[in-house]
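J.:
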Amino acid sequence: MRETRPRNVKEMLVEAKNTSELMVDLAYAAIFYNSEDLSEEVSHLEERLNDLVFDMRTLTILAARSPADAEQMAGILQVVQDIEKIGNAAVDIAKIVVKRLGIPPELLHDIPEAEEIPSRVRVHADSALDGRSLGEVDLPVETGMRPIALRSEDDWNFDPEPEDVLRAGDVLF
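Going by the numbering used here, the first residue of the sequence shown is number 6, and it counts up by one from there.
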């Protein structure tokens, strides 16, 4: 297991849930914007989710010390499997754009009616966002956008706070 991962199954389940949820959001955004870049983000998140799933399965199996423990762990393993299926479905959705399979016109017509359509914003070195906190920027008021995730290199933050400082190269979702 990687040291950068949460160390207990509960924290891992929360991270996996957040990851799979973002994957679904980005997959639909990839279709809406016909964006291969957003599809690639889904693929990168799949790698992260696969690592989490492996680590959770390993920890869960190691935690079972009796038949009663094994029964409890079976439920956790089922949740892990279901989160993995959600992530895989998001990847399948995102592949529609990458493989140029075409998007049914009915779906394209309905997507703009969605409550939220995620997008991606990269902070550039000359950007007014570089070096400012999310609280200073106040995106919900200024743009109507609410950050749902922040990626700094390979580190993901699924719960951006007003104190989080944006740096050149960061990506807001």
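All C-beta atoms, glycine included, are put in the ideal place defined by N, C-alpha and C.
Nothing here was measured: the structure is a model prediction, and the numbers come from that model.
Which of the three DSSP states is assigned to M134 in this structure?
T.: Working through the sequence shown from its first residue, we reach residue 134 at position 129. The sequence given here has Leu at residue 134, not Met. L134 falls in the coil class under three-state DSSP.
J.: State yes or no: is the C-beta of M78 within less than 8 Å of the C-beta of T65?
T.: Sequence index remark: in the sequence shown, residue 78 carries index 73 (1-based). Sequence index remark: in the sequence shown, residue 65 carries index 60 (1-based). Contact: yes.
J.: Quick check: the Cα distance between V19 and S48, rounded to an integer number of angstroms?
T.: The count along the sequence shown starts at 1 and reaches residue 19 at position 14. The count along the sequence shown starts at 1 and reaches residue 48 at position 43. Each residue's alpha carbon lies about 20 Å from the other.
J.: How should S25 be labelled, buried or exposed, when 16 other C-beta atoms within 10 angstroms of its C-beta is the threshold for buried?
T.: Walking along the sequence shown from the start, residue 25 turns up at place 20. With 16 or more Cβ atoms within 10 Å of its Cβ, S25 is classed as buried.
J.: Please report the straight-line C-alpha distance between V14 and L67, rounded to a whole angstrom.
T.: Taking the sequence shown and counting its residues from 1, one reaches residue 14 at position 9. Taking the sequence shown and counting its residues from 1, one reaches residue 67 at position 62. If I take the Cα positions, the gap works out to 11 Å.
J.: How many Å lie between S40 and V29 at the Cα?
T.: Looking up residue 40 in the sequence shown gives position 35. Looking up residue 29 in the sequence shown gives position 24. Looking at the two C-alpha atoms, the distance is approximately 14 Å.
J.: Which residue comes first and which comes last in the beta strand (DSSP E) that contains L155?
T.: For the purposes of this step, residue 155 is taken as the residue at position 150 of the sequence shown. Segment 155-157, the beta strand (DSSP E) holding L155.
J.: What does DSSP give as the partner residue(s) for L179 in the beta ladder?
T.: Examination of residue 179 is not possible in this model, given that the chain is present from 6 through 178 alone.
J.: From E45, D143, D60, pick the residue whose C-alpha is nearest to that of Q86; which is it?
T.: Residue numbering aside, residue 86 sits at position 81 when the sequence shown is read from its first letter. Taking only the C-alpha atoms, the option nearest Q86 is D60.
J.: Whose CA, out of W161, D169, F178, lies closest to the CA of E141?
T.: For this step, residue 141 is matched to residue 136 along the sequence shown. Cα-wise, what sits closest to E141 is D169.
J.: Among L54, V102, M17, which one has its Cα closest to the Cα of L43?
T.: For the purposes of this step, residue 43 is identified with residue 38 of the sequence shown, where counting begins at 1. Cα-wise, what sits closest to L43 is V102.
J.: For L82 and A94, I'd like the C-alpha separation in whole angstroms.
T.: In the sequence shown, the residue the question calls residue 82 occupies position 77. In the sequence shown, the residue the question calls residue 94 occupies position 89. Going by the C-alpha atoms only, they are around 18 Å apart.
J.: If you run the structure through DSSP and keep just helix, strand and coil, what is D160?
T.: On the sequence shown, residue 160 is found 155 positions in, with the first residue counted as 1. Strand at D160.
J.: Counting only the same chain and skipping the five closest in sequence on each side, list residues whose C-beta sits under 6 Å from that of I98.
T.: In the sequence shown, the residue the question calls residue 98 occupies position 93. Contacts found: A32.
J.: Thinking L27 and L57 are a contact (beta carbons under 8 Å), I'd like their distance in whole angstroms, please.
T.: For this step, residue 27 is matched to residue 22 along the sequence shown. For this step, residue 57 is matched to residue 52 along the sequence shown. That pair is no contact at about 13 Å.
J.: What are the start and end residues of the alpha helix (DSSP H) that includes M242?
T.: Any question about residue 242 goes unanswered here, given that the chain covers just 6 to 178.
J.: V170 bridges to which residues according to DSSP?
T.: The count along the sequence shown starts at 1 and reaches residue 170 at position 165. Looking at the DSSP assignment, V170 forms a beta bridge with S138.
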